[in-house]
Every structure is written in C-alpha cells, then in structure tokens.
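These protein sequence lines map, in sequence, to chains A and B. According to our numbering, the first sequence is numbered sequentially starting from 2. According to our numbering, the second sequence is numbered sequentially starting from 933. Scroll down for the structure; my scribbles are underneath it.
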Amino acid sequence: MAARSYNLRVYPGFRAVTLLCLFVLYAPLVVVTIYSFNASQSITNWEGVSLRWYADVFTGPESEKFKLAARNSFVIALIAASVATTIATLAATAIIRGGRFRLRTWSFGLISLPLMVPEIVTAVATLIFFNAIGFDRGLLTILLAHIAFCIPFAYLPISARMQGIEASYEQAAQDLYATRRQAFTRVLLPLMMPGIISGFILAFIVSLDDFIITNFVKGAGVETLPTAIFGAVKQGIKPNIMAISTMLLGVSVVMVALSWLISRRDNTK
Amino acid sequence: MATDGTIAIDVRDAVKRYGDFTALKRISLSIRDNEFFTLLGPSGCGKTTLLRMIAGFEDVTEGAIFLFGDEIETLPPHKRPINTVFQDYALFPHMTVIDNVGFGLEMRGKSKSDARKRAGEVLEMVQLSQFANRKPAQLSGGQQQRVALARALAPQPKVLLLDEPLSALDLKLRKAMQIELKHLQRDTGITFIFVTHDQEEALTMSDRIAVMSSGELQQLGDARDIYERPRNMFVADFIGDTNLLSVTVNRVEGQSATCRLASGHQIACDAVEGIAPGAYVHMSIRPERLYLSEPGDGYLSGTVLENIFVGTDITTIVEISPDLRLTVRTSNSDRGAQGIFAPGTAVAVHLEQGAGRLLAD
Ligand SMILES: Nc1ncnc2c1ncn2[C@@H]1O[C@H](COP(=O)(O)OP(=O)(O)O)[C@@H](O)[C@H]1O
Ligand SMILES: [Mg+2]
Chain A
2 MAARSYNLRV YPGFRAVTLL CLFVLYAPLV VVTIYSFNAS QSITNWEGVS LRWYADVFTG
62 PESEKFKLAA RNSFVIALIA ASVATTIATL AATAIIRGGR FRLRTWSFGL ISLPLMVPEI
122 VTAVATLIFF NAIGFDRGLL TILLAHIAFC IPFAYLPISA RMQGIEASYE QAAQDLYATR
182 RQAFTRVLLP LMMPGIISGF ILAFIVSLDD FIITNFVKGA GVETLPTAIF GAVKQGIKPN
242 IMAISTMLLG VSVVMVALSW LISRRDNTK
Chain B
933 MATDGTIAID VRDAVKRYGD FTALKRISLS IRDNEFFTLL GPSGCGKTTL LRMIAGFEDV
993 TEGAIFLFGD EIETLPPHKR PINTVFQDYA LFPHMTVIDN VGFGLEMRGK SKSDARKRAG
1053 EVLEMVQLSQ FANRKPAQLS GGQQQRVALA RALAPQPKVL LLDEPLSALD LKLRKAMQIE
1113 LKHLQRDTGI TFIFVTHDQE EALTMSDRIA VMSSGELQQL GDARDIYERP RNMFVADFIG
1173 DTNLLSVTVN RVEGQSATCR LASGHQIACD AVEGIAPGAY VHMSIRPERL YLSEPGDGYL
1233 SGTVLENIFV GTDITTIVEI SPDLRLTVRT SNSDRGAQGI FAPGTAVAVH LEQGAGRLLA
1293 D
C-alpha cells in the first residue's frame, strides 16, 4: 500500500533510533539525579542512599554562596519574566487591534527572530552595548539582559493563543458601553490569559537557567545559580553540585508541566 | 410602520476616505425613529463603512452624524446609545450566553444580578433560555446569531445596527429569521438599520431602503418605490430582474409620455422629471408585467427561444430582433398556462398598462 510506506513508524530501525535519541537526551539527567542521593564522597562510587549532599547544600561550607546565588537567580527570573511577559502582552494586544493578517505574520517573525540567533552572539552584543553606554556591570545588567532575551520566549505562547482573537471582540465590548480599559480587562485579557501564564513560566525558566549571557554581563563577585555552579565545578565536581542540579531540574520540570497544563486549558469551551 | 416622523439618525454630507480611496462620497440620509431601515448594495459599496461610522468605529472624514438631534460623530463608541450585531457575531468566547447578553447592562452600571435578570428576559424573547449557561462555541450558527441579537438588544439601545446578520445562515433559517427580526423590531420599537446585499431580503423586511453603489446613495424609498419606480439603470438592474431597452422619447404631455424603440414600435409610459422629448434613454420593464399571445394582435412580435421552469414561475426568452431579447415571466398556474408557447413559436408580446419605466441615467 502506498499510504503505508509513508508511515514513519514502519521504517526499519525507526524505533531503535528513537530510543537511542531519548537515551542520549535523558541518561545524563538520570545519572545526576541518582548520584545526588549517593552517600559517598566520590562522584562515581555508589555507597548507598543518603540525603547528606542536600543537607550540605543548605548548611555546608558553600551554602552561603549558593543561597545568595539562588536568591539572585529567583529574584531576577521573577522580575525579568514579569516585565518580559507584560511587554509581550502589550505587543500582542497591539497586533490584535491592528487586526491585519500581514501585520501578524511580520511582527511574529520580528519578535521571534532572536530565538534563532546563537546565544553567544547575543551575549557579546549585549556586553558591547553595556560597555558602549558605560553601564557598570552588576545585578542590574543581568536583569536588563534577561528581560531582553525573555521577551520572545514570553511572546511565543501568547501569540499561539492569539489565533482566533479578533479585533471585533474588543469592538463589540466597546459597542456594549465598555471603555477601552474595560474592553481590555474584561475581554482581551481573559482570552489571552492561558498564553500569558505559559509565557511567564517559559520566560521564568529560561531566565533561571541562563548561563552564557549572564556570565558575560554579570559584574565581578555577582553570581546567579548557574554561574555559581560553574564556578564551583571549576574547583572539582563534588556531589553537592549534583544535588543543586537535581533541585534546579525539579523546579524546571514542575514549571514546564504547569505551563503545559495551563496552555491546554481552554476557557472558551 | 409606526414612525411619527422623528429623525433617529441623520447623516449629513458624510465622506469617508482611506488614503486616496474614497469609500463614501458625500452621503446624506435621514433614518426615522422606529423604522426598519435597510442599506442595500453590492459588496464593497460602503455599507459596512457607513454602519461603522454610525457605531463609532470609523471616524468621519467630512460631514456630521446626528442621533435624535445630538451630534455624535466625535463620541467614542461606548458613549453612543447604539448597539451592533456584528457580521461575525463577535460573541465573547470565554463567557456564557447569559453573561454575553448581560455584558452591556453591566458596563452601563447595572449590578451583576440585575444584568442577569434582564439578560434572562431577553434570552426568553429570542427563545434561548435553555442555553443560558452554555459557551458560544457550543451553539449552532443560528443560535449564535440570536445570542448576538439578544446581546445587542438587552441594553435597549436607541438604534440597532445589523451588518448582514443573516448571510451565514442557510436559506430556510434565513427566511425564518427575517420574519423574526421584523417582529422584534415592531415589538421593541427600536430603530433598526439593517445592511444586506440581498435585494430580496431588503424588499421583504424594510420600511425604507437606501440603495447604494460605489460609495454613493442611488435611491431612497420604500420597497414599492424602489422596485416599481427605479430612478436609474443601477437600481433597476440591481433590484429584481428587468428588461432594459433603449428608447427615444417622442412626446411628453403632463404625466404621460410616449417613446419609440429602434424598431419603430411605440410604448406609452409615465413621464419622469428631467426627461424631455428627444432624449435617448433606457426603459425598464419588469418581466412579470409582460405577457404573450398568439401572433398578430400585439405590436411587438417575436419568436420564443426557450422556457425556463423556476417553480412558481416560467421564464420565457423571446427574440424580438437579433439585438433585442425580452424576458417574460408567467405565473405557473392554470391561468398562466394560456400564455406559454413552445420554443420556435411566433408570438406577440404585450405590456401591461404603465409597465415601462423611464430611467434618468
Ligand atoms: N480600513 C480600510 N482601508 C482601506 N480601504 C477600506 C478599509 N475598509 C474598507 N475599505 C474599502 O472601502 C470600500 C467599502 O467597504 P465596505 O464598507 O466594507 O463595503 P460593504 O460593506 O458594502 O461590502 C471597499 O472598497 C473596501 O475595500
Ligand atoms: Mg460589509
């Protein structure tokens, strides 16, 4: 049958290739997660289950450094994601009001383009920009850089959600005596909300574990969790790094799951 | 027609330009309180533009719009006591039917419970009470249409605008909704401004009709005026079917005139202001006002080309001369059957008294 030969699943070896890919993708994560519960001082010998490295992260000699870095990371991620999501939402609103199909495609391309640029290029460009305007590097430069590169990530799920939100909804609201502001809060915003929440979560994760750009624009002595981990690893890998990584992984998994659940929810049914 | 002559909407010299393109070329019309008024014209003639200017979604390039004497063209849409039934309905997809219908009332400051109560009453009026708690996506096209209607009627606007609200419905439902809309208009006493490109729909429903083409008002009048006394070629051709003949005006005496066809045949008709003897103009003759008989006793003679059966009527094409064909419509009844002749038969064509209508341009 002609139709059958197009079915990928019946290609010989397809299943094996899939499994290999999944293995390569997930095996390191699984190993790190398992060894974070290792009782041994060594990172390769298994000596039984223990939470000692988790305790070490919170109370050990390096705990102060990690706590500060974690606080920086979460504060930056929270603010960067909030600001980026707000900007992305306003952009989406303007595009809905424009109501023209061409405008939508163009603006989508323009806003999404930074996703395709290699991160190292963005990092160098951002650094040069801060130098050029004489901006002292520190927490603020990290925050500004994060806001900038989070916008396309926040915009992605919002624009997916915008499919089917027409300019006529806002006009109908205004026709029914709503001010522009009420039309926005009562009609447009609730319709975009699942996209906005997903966008916020995505931006939050991307900011939380960004390393390259952060490393370029951070000031001396200012660390976020990823740069602190990198710094610690340079002095040799200790099992407490695996514990931190596992916790970070946990946060990401929870947020991705949340984002997926929310983007699937449809308040129009 | 319960109008008492008060003007609800007065459009004065309204012009709308989009860049170089003029969508409306100086339109003036007065819409009476309590009437079912229709804007009729082919797609692209500017009906939606005019409606959106009245609603407040387009600004007026030149001219003014009055609502019961108050100038409104600079007010934002939410300050105009005018509601719209949108062409694509634009129901809020995240709200239930009853919240959709209550939205306007809430925005006008009614409490949530008052709004719901009144919304419930309006839903009853359009027979949708049992769907109050559904989302719009769970309704059929016809039901969504009625929700849109209920939502626009609930705040009791002074004027209701309807932009081709029935065009997405199938024929049977459309006919039913035409009657229902007409009843709703009569029962609520709200002025309706209805937009359609369907001339039959316009003739069925309207107290008065404004025929538009290319951004200009062609004729304004009631259904009879427009059908029986079209002012120009465009109106005669756009409304119903017609035969258009080139004639020379021979004589004008008071209310009556005589014209001559190229073939030399004389036709008597009503005089029309502005058409003087010697003018070379068009004449419109509706097919149902022509009838056939055995040859010899009529002054226009020709040959039957074909008979087309269209249910209630039979349409016959008669060739008078190589460059003149007439369409004759005969009712499909025993009475009408006497006027049916087989293709190839020679026949005489007669005009009913006053069937010919001279067109100014
Ligand atoms: N925003 C706009 N920009 C430019 N031209 C427009 C715009 N809106 C409508 N037009 C043009 O104005 C004319 C009238 O449009 P419209 O009022 O929608 O016609 P109708 O409702 O009678 O079909 C059309 O030729 C249309 O292309
Ligand atoms: Mg239109």
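Note that beta-carbon positions come from the ideal geometry of N, C-alpha and C, so glycine has one too. Predicted model only: the values in this text are computed from it and were never measured.
Proximal residues of chain B, C-beta to C-beta of residue 167(A) below 9 Å: Locating residue 167(A) in the first sequence gives position 166, where the first residue counts as 1. Residues of chain B passing the Cβ test: 1020, 1022.
Apart from the five residues just before and just after residue 1083(B), which ones in its own chain have a Cβ nearer than 6 Å to its Cβ? By 1-based counting over the second sequence, the position of residue 1083(B) is 151. Correct list, in chain order: 1032, 1033.
At a CB distance below 7 Å, what residues from the stretch 190-219 of chain A approach chain B? Give them in sequence order. 191, 192
Could you run through the stretch 1034-1049 of chain B and flag, in chain order, every residue whose CB is less than 7 Å away from some CB of chain A? 1035, 1036, 1039, 1040
Let me know the secondary structure DSSP gives residue 968(B) once reduced to three states. As a working note, residue 968(B) is residue 36 in the second sequence. Note: residue 968(B) maps to strand in three-state DSSP.
Under 7 Å, CB to CB, which of the residues in the stretch 968-1002 of chain B have a partner in chain A? 987, 989
Residue from 1237(B), 966(B), 983(B), 1242(B) with nearest C-alpha to residue 1144(B): Taking the second sequence and counting its residues from 1, one reaches residue 1144(B) at position 212. When each option's Cα is compared against that of residue 1144(B), the closest is 983(B).
Whole angstroms is fine: what's the gap from residue 970(B)'s alpha carbon to residue 1120(B)'s? Here residue 970(B) corresponds to residue number 38 of the second sequence, with the count starting at 1. Here residue 1120(B) corresponds to residue number 188 of the second sequence, with the count starting at 1. Answer to the nearest angstrom: the Cα atoms are 17 Å apart.
Does the stretch 1120-1132 of chain B come within contact of the stretch 1092-1099 of chain B, defined as at least 3 CB pairs closer than 8 Å? yes
Can you confirm whether residue 188(A), when its beta carbon is compared against all beta carbons of chain B, has any partner nearer than 8 Å? Locating residue 188(A) in the first sequence gives position 187, where the first residue counts as 1. At a cut-off of 8 Å between C-beta atoms, residue 188(A) counts as an interface residue with respect to chain B.
Please determine whether the Cβ atom of residue 953(B) lies at a distance below 7 Å from any heavy atom of ligand 1. The residue labelled residue 953(B) in the question sits at position 21 within the second sequence. At least one heavy atom of ligand 1 is nearer than 7 Å to the Cβ of residue 953(B), so yes.
Quick one: using the 10 Å Cβ neighbour count with 16 as the cut-off for buried, is residue 1115(B) buried or exposed? Looking up residue 1115(B) in the second sequence gives position 183. Counting the other CB atoms within 10 Å of its CB gives residue 1115(B) a total below 16, which places it among the exposed residues.
Nearest by alpha-carbon distance to residue 1218(B): which of 1257(B), 1289(B), 1192(B), 1018(B) is it? Indexing the second sequence from 1 puts residue 1218(B) at position 286. Among 1257(B), 1289(B), 1192(B), 1018(B), the Cα nearest to that of residue 1218(B) is on 1289(B).
Residues of chain B with CB under 7 Å from residue 268(A), in chain order? Position 267 of the first sequence, counted from the first residue, corresponds to residue 268(A). Residues of chain B passing the Cβ test: 1026.
Please check if any C-beta of chain B sits within less than 8 Å of the C-beta of residue 262(A). Residue numbering aside, residue 262(A) sits at position 261 when the first sequence is read from its first letter. By this cut-off, residue 262(A) is not an interface position.
Grab me the residues of residue 955(B)'s own chain with a C-beta within less than 8 Å of its C-beta, minus the 5 sequence neighbours each way, in chain order. If you number the second sequence from 1, residue 955(B) lands on position 23. 948, 949, 978, 981, 1147, listed in sequence order.
Please list, in chain order, the chain A residues whose beta carbon lies closer than 7 Å to that of residue 1097(B). The residue labelled residue 1097(B) in the question sits at position 165 within the second sequence. Residues of chain A whose Cβ lies closer than 7 Å to the Cβ of residue 1097(B) do not exist; the shortest such Cβ separation is about 13 Å.
Taking the C-alpha atoms as reference points, what is the distance between residue 933(B) and residue 1139(B)? On the second sequence, residue 933(B) is found 1 positions in, with the first residue counted as 1. On the second sequence, residue 1139(B) is found 207 positions in, with the first residue counted as 1. Caution is warranted here: a pLDDT of 46 is assigned to residue 933(B), below 50, making its placement in the model unreliable, and the coordinate value is therefore given only provisionally. Going from the Cα of residue 933(B) to the Cα of residue 1139(B) covers about 7 Å.
Going residue by residue through the stretch 1146-1174 of chain B, where are the continuous beta strand (DSSP E) segments of at least 3 residues, counting only ones entirely within it? Within the stretch 1146-1174 of chain B, the complete beta strand (DSSP E) runs of at least 3 residues are 1148-1153.
Through-space distance from residue 93(A) to residue 82(A), alpha-carbon basis: Here residue 82(A) refers to the residue found at position 81 when the first sequence is read from its first residue. Here residue 93(A) refers to the residue found at position 92 when the first sequence is read from its first residue. Those two C-alpha atoms are separated by around 16 Å.
Rounded C-alpha distance that separates residue 174(A) from residue 1067(B): Along the first sequence, one-based indexing puts residue 174(A) at 173. Along the second sequence, one-based indexing puts residue 1067(B) at 135. Spanning the two alpha carbons is a distance of roughly 17 Å.
Cβ-heavy atom distance, residue 978(B) to ligand 1, below 7 Å: Your numbering for residue 978(B) matches position 46 in the second sequence. Yes, Cβ of residue 978(B) sits closer than 7 Å to a heavy atom of ligand 1.
Return the CA-CA distance between residue 3(A) and residue 267(A), expressed in angstroms with no decimal places. Here residue 3(A) refers to the residue found at position 2 when the first sequence is read from its first residue. Here residue 267(A) refers to the residue found at position 266 when the first sequence is read from its first residue. Reliability of the predicted coordinates at residue 3(A) is poor, the pLDDT of 47 falling under 50, and no value is obtained from them.
Check whether the Cβ atoms of residue 70(A) and residue 226(A) sit closer than 8 Å, and answer yes or no. Indexing the first sequence from 1 puts residue 70(A) at position 69. Indexing the first sequence from 1 puts residue 226(A) at position 225. The answer is yes: Cβ separation under 8 Å.
Beta-carbon contacts of residue 985(B) that lie in its chain and below 6 Å, excluding the five residues immediately before and after: The sequence position of residue 985(B) within the second sequence is 53, counting from 1. Around residue 985(B): 992.
Would the beta-carbon of residue 1047(B) fall within 8 Å of that of residue 1037(B)? Looking up residue 1047(B) in the second sequence gives position 115. Looking up residue 1037(B) in the second sequence gives position 105. Yes, the pair counts as a contact, with Cβ atoms nearer than the cut-off.
With distances taken between CB atoms, is the gap from residue 1076(B) to residue 1023(B) smaller than 8 Å? As a working mapping, residue 1076(B) is identified with position 144 in the second sequence. As a working mapping, residue 1023(B) is identified with position 91 in the second sequence. Going by C-beta atoms, residue 1076(B) is nearer than 8 Å to residue 1023(B).
Just to confirm the assignment: which complete alpha helix (DSSP H) runs, minimum length 4, are found wholly within the stretch 1059-1123 of chain B? 1073-1085, 1103-1120
DSSP on residue 225(A), reduced to helix/strand/coil? As a working note, residue 225(A) is residue 224 in the first sequence. Note: residue 225(A) maps to coil in three-state DSSP.
C-beta neighbour in chain B for residue 251(A), strict 8 Å: The sequence position of residue 251(A) within the first sequence is 250, counting from 1. Not closer than 8 Å to any Cβ of chain B, the Cβ of residue 251(A) fails to qualify, so no.
How should residue 1267(B) be labelled, buried or exposed, when 16 other C-beta atoms within 10 angstroms of its C-beta is the threshold for buried? Sequence index remark: in the second sequence, residue 1267(B) carries index 335 (1-based). When all chains shown are included, residue 1267(B) counts as exposed.
Just list the alpha helix (DSSP H) runs in the stretch 94-160 of chain A, keeping only unbroken ones of 4 residues or longer that don't cross its boundaries, in chain order. 102-113, 120-133
Collapsed DSSP secondary structure at residue 941(B) in the structure displayed: Translated into positions along the second sequence, residue 941(B) becomes position 9. In the structure shown, residue 941(B) sits in a strand (DSSP, three-state: E or B).
Contacts of residue 82(A) in chain B (Cβ-Cβ under 7 Å): Here the question's residue 82(A) lines up with position 81 in the first sequence. The contacting residues do not exist; residue 82(A) stays about 24 Å from chain B at best.
Determine the contact status of residue 990(B) and residue 996(B), defining contact as a CB-CB distance below 8 Å. Reading the second sequence from its first residue, position 58 is the one you call residue 990(B). Reading the second sequence from its first residue, position 64 is the one you call residue 996(B). Contact flag unset, no.
In chain B, which residues lie less than 9 Å from residue 94(A) when you measure between Cβ atoms? Residue 94(A) sits at position 93 when you count from the first residue of the first sequence. Near residue 94(A) there are no residues of chain B at all, since even the closest Cβ is about 16 Å away, more than 9 Å.
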